[in-house]
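1170 is the number that the numbering used here gives to position 303 of the sequence shown; each next residue is one higher, with no gaps.
For glycine and all other residues, C-beta sits at the position ideal for the given N, C-alpha and C.
Here the structure is a predicted model, which means the values were calculated and not measured.
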Amino acid sequence: MAKTTIADLGDLKGKKVLVRVDFNVPLDKVSGEIKNDRRIRGAVPTIKVLLKAGASVIAMSHLGRPSGDPAKDKLLTMDKVAERLGDLLELPVKKAGNTVVGPDVTAAVAALKSGDVLMLENVRFDPREQKNDAEFASAVAALGDAYVNDAFGTCHNDKDASMVAVPAALKAAGKPRAVGLLVAKELDIINGLMGAPKPPVLAVMGGAKVSDKIAFINALLKKVDHLLIGGKMAYTFLKARGLDVGSTQVAAEELAAAQPLLQFVGTKITLPVDCLAAKSDDLNSTQVFEGDIATGFEGVDIGPKTLALYADKIKQAGTVIWNGPVGWFEKPAFSKGTKGIAEAMANSGAITVVGGGETAEAVEQFGFDTKMTHVSTGGGAFLAYVEGKKFQSLAQIDDK
Ligand code: 3PG
Ligand code: MG
868 MAKTTIADLG DLKGKKVLVR VDFNVPLDKV SGEIKNDRRI RGAVPTIKVL
918 LKAGASVIAM SHLGRPSGDP AKDKLLTMDK VAERLGDLLE LPVKKAGNTV
968 VGPDVTAAVA ALKSGDVLML ENVRFDPREQ KNDAEFASAV AALGDAYVND
1018 AFGTCHNDKD ASMVAVPAAL KAAGKPRAVG LLVAKELDII NGLMGAPKPP
1068 VLAVMGGAKV SDKIAFINAL LKKVDHLLIG GKMAYTFLKA RGLDVGSTQV
1118 AAEELAAAQP LLQFVGTKIT LPVDCLAAKS DDLNSTQVFE GDIATGFEGV
1168 DIGPKTLALY ADKIKQAGTV IWNGPVGWFE KPAFSKGTKG IAEAMANSGA
1218 ITVVGGGETA EAVEQFGFDT KMTHVSTGGG AFLAYVEGKK FQSLAQIDDK
C-alpha cells in the first residue's frame, strides 16, 4: 500500500514543515569536508516542492555517530551540511542553533517565512534522540505544522526519535505526516523489485561478510533466478568448498554462516572461477589464480574470466540487483571487477538497482550512476527493506 505523500498534505502556504532527511554523508576524517553529497542531493526535490507550495522547511538529520565528547564531535555539526544544502538549493540555509531544541531554535523557527529553509543541529547531539524519547520528540514536533520523512537511509532505525517518536507526536497532535519524494521512490522501486520483477532476475553480491547479509541473501534467493557472488565473501564460499584461499583471511564464523548456502552453489549461486590476488607483504605484486590461491597471496578482486562470465549473465538479465563491491575497488589496480560489473549493468537493457553505501559510491566513482535505473540512498535500510522488515518509521505515516 502506498504511503501518504507530500502531494496529500493539503495547503502548505505559510506552514512550517519538519523534514527528516538522511544527511549522514561521508566526511573527510581530518578536514570534515563532505566527500559525497548524494544523500543531500537526494532530498532536494522534496524540499523544492515544499518551498514552491509556500511552506518553510525545517530540515533535520543525524550525522555520524557522535561520542558525546564535544571536542571529538565538532566535525559532526551540521554547519557544512547546511551550507551544501544552501548551495544546492541556491538559497541561504542557516543552522538553527548549537542544540537540537531550545530557545535559540524556537526563535529561529518563529522567524521563518514562506520559502525559508532552516537546518537543525545534528539530532544525535541530543542523547534522547536514540532513545526514541517522547519528551524530546514533543519538543521537536512542536516546531512544525507537518512532518515529512525523506530519510530513506535511516528508515530502518526503530529507536531514533526523529524517525519514530516525532511523527508519533505530530500524529497525536492531529498534524499531517507524509513520506517525501525520495522515500516514495525508494519504496516504489524496491516494492517492484521484490513483488513482480522482470525476469530473469539476477543479483550480484559482494562485500566482506556473509554473516551480515545472511537474511538479505535468503530473501534474495526466494526472488532471483541467479545470484553471483564476488568480493571478500566469495573466498568464504570457496574455502568452505575446500579450496585453498592462500593468505586471504576467512573467519570461522563466516564459514559457518556460508554453510547453509553451499547447497545452492552450482544451481542458483555462482562463485568466481578465477581471482586477482596480491602478495600480502607487497600489494603491487599480483597474480591471477584459477582454483587454489598460493600461500602469501590474498584475493583482492574477481579475475578476468569471472568478470566475462558475470557480464554475460548481466547482459541476459531482465532485472539486476547489486549490493557489495566485488573487489577492493578503492585501489585502482583492484577495481577492474567492480568497474566491469557497473559497466555491464549500465550497458544492459535490464532494470538495474544498486543498493548499499559502498556500492553506490563505486558506481558513482566510475561514472555509471546516471545509467542505472536506481541507485538507492540506503545502506542498512536497503538491505532491511529487501529482507521484508517492517519499519516503525513508516508505520507513523498513514497509507493512502
Ligand atoms: C546509515 O548510513 O546507515 C544511516 O544514515 C543510519 O546511520 P546509522 O547506521 O549510524 O544508524
Ligand atoms: Mg547504518
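| Query | Result |
| --- | --- |
| Closest by CA to Val1221, which one among Asp1236, Asn1214, Gly1207? | Asp1236 |
| Closest to Ala1200 by CA distance: which of Leu1150, Asn1190, Ala1227, Gly1191 is it? | Leu1150 |
| My output table needs one value for Val1253: the three-state DSSP class, helix, strand or coil. | helix |
| The beta strand (DSSP E) spanning Lys1203 covers which residue range? | Not the beta strand (DSSP E): Lys1203 falls in the alpha helix (DSSP H), residues 1203-1214. |
| If you compare alpha carbons, which of Thr872, Val960, Val1187, Ala938 is closest to Lys947? | Val960 |
| Applying the criterion that 16 or more other CB atoms from any shown protein chain within 10 Å of the CB defines a buried residue, is Gln1126 buried or exposed? | exposed |
| Let me check understanding here. Comparing Cα to Cα, which of Gln1183, Leu1087, Thr1162, Ile1160 lies closest to Leu1128? | Leu1087 |
| Here's the rule: buried if 16 or more other CB atoms are within 10 angstroms of the residue's CB, otherwise exposed. What is Asn1058? | exposed |
| By alpha-carbon positions, which one of Val1187, Lys1089, Asp1055, Leu1048 ends up nearest to Arg887? | Leu1048 |
| When every heavy atom of ligand 2 is checked, does at least one fall within less than 7 Å of the C-beta of Gly1247? | yes |
| Taking Val897 as the reference, give the member of Gly881, Phe890, Leu943 with the closest Cα. | Leu943 |
| Quick one: Cα of Ser1147 to Cα of Gly1166, how far? | 9 Å |
| Would you mind listing the alpha helix (DSSP H) stretches within the segment 966-1017 that are 4+ residues and don't spill past its ends, in chain order? | 970-977, 1001-1008 |
| Buried or exposed: Ser1152, going by 16 or more other Cβ atoms within 10 Å of its Cβ? | exposed |
| Can you grab the Cα-Cα spacing for the pair Asn989 / Glu996, in whole Å? | 10 Å |
| How close, in whole Å, do the beta carbons of Gly1098 and Gly1223 come, if the pair is a contact with beta carbons under 8 Å? | That belief does not hold up - the Cβ atoms of Gly1098 and Gly1223 are roughly 11 Å apart, past 8 Å. |
| Does ligand 1 have even one heavy atom less than 7 Å from the beta-carbon of Asn903? | no |
| Determine the direct distance from the alpha carbon of Arg932 to that of Met945, and round the result to whole angstroms. | 13 Å |
| Shortest alpha-carbon distance to Lys962 belongs to which of Pro937, His1023, Leu1250, Met927? | Met927 |
| Can you tell me whether Asp889 is helix, strand or coil according to DSSP? | coil |
| Taking its Cβ as the centre, do 16 or more other Cβ atoms sit within 10 Å of Met1212, making it buried, or is it exposed? | buried |
| Might you give, ordered along the chain, the residues of its own chain that have their beta carbon closer than 6 Å to the beta carbon of Gly1006, omitting 5 neighbours on each side? | Looking at the sequence provided, one finds Ala at residue 1006 rather than Gly. Hits under 6 Å: Val968. |
| Is it the case that the segment 1065-1077 contacts the segment 1234-1250, given that we only count it when at least three CB pairs across the two stretches are under 8 Å? | no |
| Please classify Val1155 as buried or exposed, where buried requires at least 16 other C-beta atoms within 10 Å of its C-beta. | exposed |
| What does a CB cutoff of less than 7 Å around Leu1261 pick up in its chain, not counting 5 residues either side in sequence? | Lys870, Cys1022 |
| Within its chain, find whatever has a CB closer than 7 Å to the CB of Lys882; leave out the 5 residues flanking it on each side and keep chain order. | Ala922, Asp1012, Ala1013 |
| So Phe1233 is in the alpha helix (DSSP H); what residue range does that whole segment cover? | Taken as a continuous stretch (DSSP letters only), Phe1233 belongs to no alpha helix (DSSP H), as it is neither H nor E. |
| Shortest alpha-carbon distance to Met1072 belongs to which of Gln1130, Lys1267, Gly1204? | Gly1204 |
| Cα-Cα, which of Leu1060, Asp1159, Leu1094 is closest to Lys1106? | Asp1159 |
| First and last residue of the beta strand (DSSP E) that includes Ser1152? | 1149-1156 |
| Count the other CB atoms within 10 Å of the CB of Met868; is the residue buried (16 or more) or exposed (fewer)? | exposed |
| Are Ala1161 and Ala1184 close, meaning C-beta to C-beta below 8 Å? | no |
| Express the C-alpha separation of Val911 and Ala949 in angstroms, rounding to a whole number. | 12 Å |
| Could you pull out every unbroken alpha helix (DSSP H) segment of at least 4 residues lying fully inside the segment 1060-1135, listed in chain order? | 1081-1090, 1099-1107, 1119-1125 |
| Select from Glu1231, Gln1232, Val1242, Asp1025 the residue whose C-alpha is nearest the C-alpha of Thr1219. | Val1242 |
| Tell me whether Asp889, by its Cβ, gets closer than 7 Å to a heavy atom of ligand 1. | yes |
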